[in-house]
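Novice: These protein sequence lines are chains A and B, in that order. Note that my numbering has the first sequence beginning at 23, numbered continuously upward. Note that my numbering has the second sequence beginning at 23, numbered continuously upward. My questions will all concern the structure given below.
Protein chains: 2
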Amino acid sequence: MARLPVYLRALHVLAERGVATVSSEELAAAAGVNSAKLRKDLSHLGSYGTRGVGYEVEYLVYQISRELGLTQDWAVAIVGIGNLGRALSGYGGFASRGFRMAALVDAEAGIVGQSISGLTVEHIDDLETVIKDNGISIAVLAVPAAAAQAVCDRVVASGVTSILNFAPVVLSVPDSVDVRKVDLSIELQILAFHEQRKAGGPSGVEQEYLEAVEGQ
Amino acid sequence: MARLPVYLRALHVLAERGVATVSSEELAAAAGVNSAKLRKDLSHLGSYGTRGVGYEVEYLVYQISRELGLTQDWAVAIVGIGNLGRALSGYGGFASRGFRMAALVDAEAGIVGQSISGLTVEHIDDLETVIKDNGISIAVLAVPAAAAQAVCDRVVASGVTSILNFAPVVLSVPDSVDVRKVDLSIELQILAFHEQRKAGGPSGVEQEYLEAVEGQ
DNA sequence: AAGCCCTTGTGAACACACGCACAAAGTCGG
DNA sequence: CCGACTTTGTGCGTGTGTTCACAAGGGCTT
Chain A
23 MARLPVYLRA
33 LHVLAERGVA
43 TVSSEELAAA
53 AGVNSAKLRK
63 DLSHLGSYGT
73 RGVGYEVEYL
83 VYQISRELGL
93 TQDWAVAIVG
103 IGNLGRALSG
113 YGGFASRGFR
123 MAALVDAEAG
133 IVGQSISGLT
143 VEHIDDLETV
153 IKDNGISIAV
163 LAVPAAAAQA
173 VCDRVVASGV
183 TSILNFAPVV
193 LSVPDSVDVR
203 KVDLSIELQI
213 LAFHEQRKAG
223 GPSGVEQEYL
233 EAVEGQ
Chain B
23 MARLPVYLRA
33 LHVLAERGVA
43 TVSSEELAAA
53 AGVNSAKLRK
63 DLSHLGSYGT
73 RGVGYEVEYL
83 VYQISRELGL
93 TQDWAVAIVG
103 IGNLGRALSG
113 YGGFASRGFR
123 MAALVDAEAG
133 IVGQSISGLT
143 VEHIDDLETV
153 IKDNGISIAV
163 LAVPAAAAQA
173 VCDRVVASGV
183 TSILNFAPVV
193 LSVPDSVDVR
203 KVDLSIELQI
213 LAFHEQRKAG
223 GPSGVEQEYL
233 EAVEGQ
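Below, the structure written as structure tokens:
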């Protein structure tokens with residue numbers, strides 16, 4: 023389930039506060055979900071709470087971490103060291119959850135060789151070698167849209183089976199490869215949509231198109 | 023619907039290629055969805071295609087843009103000019119879709135006053151003034167988790183009604199305010215989950231916990 | 001002008017996710 | 001040791017989103 027990481031984060035906060043046990047109601051509130059949904063998620067996952075008491079925080083953290091595969095460390099490569107790639111390479115949230123930034127790769131001569139977040143940027147020509155030598159199974163693509171599919175094909179051919187794609191294109195990959203897409207402009211567009219709804223919606227503006235094509 | 027931006031992007035690509043008309047089948051393939059779903063989305067939106075022919079690309083682009091509210095321009099403020107905020111301020115995908123970066127705000131004395139992407143970074147003390155003077159209705163939060171709720175409260179109090187939140191916390195806001203959350207580490211965790219599934223799942227590793235607590 | 005072919009729009013079955021509400025189960029006080 | 005209280009786990013009704021399949025409708029060729 024996609025909600026487990028959210029629960030995990032809430033649990034970490036509770037653990038830091040020294041809370042030993044938590045009820046589904048409290049945890050659900052902290053995670054922003056319905057308590058019944060949370061309980062169902064946790065039961066589907068096989069973890070058991072204690073009736074009348076709740077869930078033991080530490081145990082639940084371990085169970086969810088294990089379910090998510092965070093007990094092992096994952097070697098991650100970032101391809102494309104532009105503004106976004108740079109920001110991602112320094113993002114603390116990755117390292118603290120078992121994700122190890124193992125390699126940074128770019129095509130630009132001015133960037134290759136630079137040291138960023140403690141890593142030397144490698145050249146895209148060496149992509150295959152870098153991936154295999156570092157045992158990388160997860161790649162983050164922060165390259166221009168035009169280059170994304172080509173880079174994707176290469177990382178897949180090199181053995182990467184999970185891709186986090188920031189490029190605004192639909193990548194085509196074999197079924198055995200998982201792709202997750204983060205499109206920042208889509209998020210803003212969805213907000214704009216709701217924002218406009220609040221302002222009365224697009225009704226009554228139909229004429230605009232007629233005027234627009236009229237002006238040609 | 024959250025899929026409209028995806029259709030819109032695919033349509034833009036087609037328009038650049040000079041394609042005048044497109045069938046639901048083709049567009050669905052380009053957007054990575056089922057063709058029946060696409061047709062239903064478009065019909066719910068009120069746009070009409072022509073049977074036997076398909077949809078006129080240019081017309082559809084206009085219809086979807088209007089529905090999403092992209093025909094007007096939106097003033098956006100980015101709060102928190104760390105690595106991520108910097109990357110966002112220079113992201114081309116925003117400006118090209120009617121989103122105007124109107125203000126950058128940070129708390130750090132060393133960052134305030136810097137010129138980034140053509141804007142001067144303002145001090146967080148002036149947050150309310152900046153938002154009101156620029157008519158900002160959408161705020162992007164790229165601040166540390168600990169500061170997020172406080173900053174959120176202030177932008178909401180200043181009249182912002184849509185928030186794109188990159189901080190790893192669940193924000194609490196009035197019902198009239200929309201919040202979308204992008205959590206980069208959650209995306210990686212979901213990939214790790216599937217990655218582990220491919221490798222055989224977490225079964226048979228139950229003992230690990232016992233060993234782990236044993237070691238204390 | 002007429003028939004064929006293509007594509008849209010949608011009715012209906014299906015699947016899934018959500019949340020209520022309750023029984024089972026365990027704890028704590030007396 | 002027992003009863004009351006608390007909280008989990010889940011059966012079930014509900015609503016939403018997805019997909020199949022097909023009828024309605026428009027263009028194109030002859």
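Where a beta carbon is used, it is the ideal one built from N, C-alpha and C, also for glycine. Fair warning: this is a prediction, and the values are worked out from it, not measured in the lab.
Three or more C-beta pairs closer than 8 Å, one from the stretch 132 to 141 of chain B and one from the stretch 177 to 187 of chain B: is that the case here?
Specialist: no
Novice: Taking the continuous beta strand (DSSP E) assigned at N187 (chain B), which residues delimit it?
Specialist: Indexing the second sequence from 1 puts residue 187 (chain B) at position 165. Taken as a continuous stretch (DSSP letters only), the beta strand (DSSP E) holding N187 (chain B) covers 184 to 187.
Novice: Look at the alpha carbon of C174 (chain B) and the alpha carbon of R31 (chain A), and state the distance between them as a whole number of angstroms.
Specialist: Here residue 174 (chain B) corresponds to residue number 152 of the second sequence, with the count starting at 1. Here residue 31 (chain A) corresponds to residue number 9 of the first sequence, with the count starting at 1. When rounded, the distance between both Cα atoms is 20 Å.
Novice: Go ahead and pull the three-state DSSP assignment for T93 (chain A).
Specialist: For this step, residue 93 (chain A) is matched to residue 71 along the first sequence. Here T93 (chain A) sits in coil by DSSP.
Novice: Given A129 (chain A), which residues of its chain have a CB within under 7 Å of its CB, disregarding the five upstream and five downstream residues?
Specialist: Counting from 1 along the first sequence, the entry for residue 129 (chain A) is found at position 107. Closer than 7 Å at Cβ, skipping near neighbours: I146.
Novice: Please report the straight-line C-alpha distance between A170 (chain B) and I160 (chain B), rounded to a whole angstrom.
Specialist: What you label residue 170 (chain B) is simply residue 148 of the second sequence in a count that begins at 1. What you label residue 160 (chain B) is simply residue 138 of the second sequence in a count that begins at 1. About 15 Å.
Novice: Would you decide whether E217 (chain A) is buried or exposed? Buried here means 16 or more other CB atoms lie within 10 Å of its CB.
Specialist: Position 195 of the first sequence, counted from the start, is the residue given in the question as residue 217 (chain A). Under this definition E217 (chain A) is a buried residue.
Novice: If we cut at 8 Å on Cβ distances, does H66 (chain B) have a partner in chain A?
Specialist: Along the second sequence, read from residue 1 onward, the residue named residue 66 (chain B) stands at position 44. No, its Cβ sits nowhere closer than 8 Å to a Cβ of chain A.
Novice: So what's Y70 (chain A) in DSSP terms, helix, strand or just coil?
Specialist: Within the first sequence, numbered from 1, the residue matching residue 70 (chain A) stands at position 48. Of the three classes helix, strand and coil, the one that applies to Y70 (chain A) here is coil, per DSSP.
Novice: To which residues of the same chain is S57 (chain B) closer than 6 Å at the C-beta, ignoring the five residues directly before and after it?
Specialist: Residue numbering aside, residue 57 (chain B) sits at position 35 when the second sequence is read from its first letter. Cβ neighbours of S57 (chain B) beyond the five flanking positions: S46, E47, A50.
Novice: To the nearest angstrom, how far is the alpha carbon of V134 (chain B) from that of D95 (chain B)?
Specialist: Within the second sequence, numbered from 1, the residue matching residue 134 (chain B) stands at position 112. Within the second sequence, numbered from 1, the residue matching residue 95 (chain B) stands at position 73. Approximately 26 Å between the Cα atoms of the pair.
Novice: With D200 (chain B) as the anchor, note down where its alpha helix (DSSP H) starts and where it stops.
Specialist: Position 178 of the second sequence holds residue 200 (chain B). Here D200 (chain B) belongs to no alpha helix (DSSP H); instead the beta strand (DSSP E) covers 200 to 203.
Novice: I'd like to know whether the C-beta atoms of A189 (chain A) and A221 (chain A) end up nearer to each other than 8 Å.
Specialist: Start at 1 with the first residue of the first sequence, and residue 189 (chain A) comes out as number 167. Start at 1 with the first residue of the first sequence, and residue 221 (chain A) comes out as number 199. No; because the gap between Cβ atoms is not below 8 Å, this pair is not in contact.
Novice: Quick one: list the residues of chain B neighbouring N313 (chain A), beta-carbon separation under 7 Å, in chain order.
Specialist: Because chain A here runs from 23 to 238, residue 313 (chain A) falls outside it and cannot be looked at.
Novice: Within the 8 Å Cβ cut-off, does H119 (chain A) reach chain B?
Specialist: Within the first sequence, residue 119 (chain A) is the residue found at index 97, counting from 1. The displayed chain sequence assigns Arg, not His, to residue 119 (chain A). Judged by the 8 Å Cβ criterion, R119 (chain A) is in contact with chain B.
Novice: Between the C-alpha atoms of V101 (chain A) and A164 (chain A), what's the straight-line distance to the nearest angstrom?
Specialist: If you number the first sequence from 1, residue 101 (chain A) lands on position 79. If you number the first sequence from 1, residue 164 (chain A) lands on position 142. So the two alpha carbons sit approximately 6 Å from each other.
Novice: Quick one: is R88 (chain B) buried, meaning 16 or more other Cβ sit within 10 Å of its Cβ, or exposed?
Specialist: Stepping through the second sequence from its first residue, residue 88 (chain B) is reached at position 66. It counts as buried.
Novice: In the DSSP assignment, find the unbroken alpha helix (DSSP H) run with L193 (chain A) in it and report its ends.
Specialist: Position 171 of the first sequence, counted from the first residue, corresponds to residue 193 (chain A). First-last for L193 (chain A): undefined, no H or E at that position.
Novice: State yes or no: is the beta carbon of V227 (chain B) nearer than 8 Å to at least one beta carbon in chain A?
Specialist: Your numbering for residue 227 (chain B) matches position 205 in the second sequence. Its pLDDT being 45, under 50, V227 (chain B) is placed unreliably by the model, and nothing is read from it.
Novice: Quick one: what's L141 (chain A) bridged to in DSSP?
Specialist: For the purposes of this step, residue 141 (chain A) is identified with residue 119 of the first sequence, where counting begins at 1. Answer is A:I138, bridged to L141 (chain A).
Novice: Counting along the chain, where does the beta strand (DSSP E) carrying I160 (chain A) start and finish?
Specialist: Locating residue 160 (chain A) in the first sequence gives position 138, where the first residue counts as 1. Bounds of the beta strand (DSSP E) holding I160 (chain A) are 160 to 163.
Novice: Hey, would you say A99 (chain B) sits closer than 8 Å to I153 (chain B), going by beta carbons?
Specialist: Working through the second sequence from its first residue, we reach residue 99 (chain B) at position 77. Working through the second sequence from its first residue, we reach residue 153 (chain B) at position 131. A99 (chain B) places its beta carbon less than 8 Å from that of I153 (chain B).
Novice: Roughly how many whole angstroms lie between the Cα atoms of L193 (chain A) and G104 (chain A)?
Specialist: Stepping through the first sequence from its first residue, residue 193 (chain A) is reached at position 171. Stepping through the first sequence from its first residue, residue 104 (chain A) is reached at position 82. If I take the Cα positions, the gap works out to 20 Å.
Novice: Do L213 (chain B) and L239 (chain A) have their beta-carbon atoms positioned less than 8 Å apart in this structure?
Specialist: Here chain A has residues from 23 to 238 only, and residue 239 (chain A) is not among them.
Novice: Run down chain A in chain order and give the residues with a C-beta less than 9 Å from the C-beta of G71 (chain B).
Specialist: Along the second sequence, one-based indexing puts residue 71 (chain B) at 49. Here the premise fails: no neighbours, minimum Cβ distance about 16 Å.
Novice: Which residue marks the beginning of the alpha helix (DSSP H) containing V28 (chain A), and which one marks its end?
Specialist: Against the first sequence, residue 28 (chain A) aligns to sequence position 6. Note, V28 (chain A): alpha helix (DSSP H), 26 to 38.
Novice: What does Q18 (chain A) reach in chain B if we use C-beta pairs closer than 9 Å?
Specialist: Given a span of 23 to 238 for chain A in the structure shown, any question on residue 18 (chain A) remains unanswerable.
Novice: For A99 (chain A), list the residues DSSP reports as bridge partners.
Specialist: Position 77 of the first sequence, counting from 1, holds the residue named residue 99 (chain A). According to DSSP, which records beta bridges pairwise, A99 (chain A) is partnered with A:A125, A:A161.
Novice: For I153 (chain B), go through chain A and note every residue whose CB falls closer than 8 Å to its CB, in chain order.
Specialist: In the second sequence, counting from the first residue as 1, residue 153 (chain B) sits at position 131. Neighbours of I153 (chain B) on chain A: none; closest Cβ ~14 Å, over 8 Å.
Novice: With respect to the alpha helix (DSSP H) encompassing S45 (chain B), which residues constitute its N-terminal and C-terminal limits?
Specialist: Looking up residue 45 (chain B) in the second sequence gives position 23. No alpha helix (DSSP H) contains S45 (chain B), which DSSP labels as neither H nor E.
Novice: Between the C-alpha atoms of L110 (chain B) and R219 (chain B), what's the straight-line distance to the nearest angstrom?
Specialist: Your numbering for residue 110 (chain B) matches position 88 in the second sequence. Your numbering for residue 219 (chain B) matches position 197 in the second sequence. Approximately 33 Å, taken between the alpha carbons.
Novice: Work out the CA separation of T93 (chain B) and E78 (chain B) for me, nearest whole Å.
Specialist: Translated into positions along the second sequence, residue 78 (chain B) becomes position 56. Translated into positions along the second sequence, residue 93 (chain B) becomes position 71. Each residue's alpha carbon lies about 19 Å from the other.
Novice: The alpha helix (DSSP H) spanning N56 (chain A) covers which residue range?
Specialist: Here the question's residue 56 (chain A) lines up with position 34 in the first sequence. From DSSP, N56 (chain A) is part of no alpha helix (DSSP H); its letter is neither H nor E.
Novice: Tell whether a beta-carbon distance below 8 Å holds between Q211 (chain A) and P27 (chain B).
Specialist: Here residue 211 (chain A) refers to the residue found at position 189 when the first sequence is read from its first residue. Here residue 27 (chain B) refers to the residue found at position 5 when the second sequence is read from its first residue. Yes, the pair counts as a contact, with Cβ atoms nearer than the cut-off.
Novice: Run through DSSP, which three-state label would G114 (chain A) get?
Specialist: Residue 114 (chain A) sits at position 92 when you count from the first residue of the first sequence. Note: G114 (chain A) maps to helix in three-state DSSP.
Novice: Between L36 (chain B) and R122 (chain B), what straight-line distance do the alpha-carbon atoms span, to the nearest angstrom?
Specialist: What you label residue 36 (chain B) is simply residue 14 of the second sequence in a count that begins at 1. What you label residue 122 (chain B) is simply residue 100 of the second sequence in a count that begins at 1. Each residue's Cα considered, the two are about 25 Å apart.
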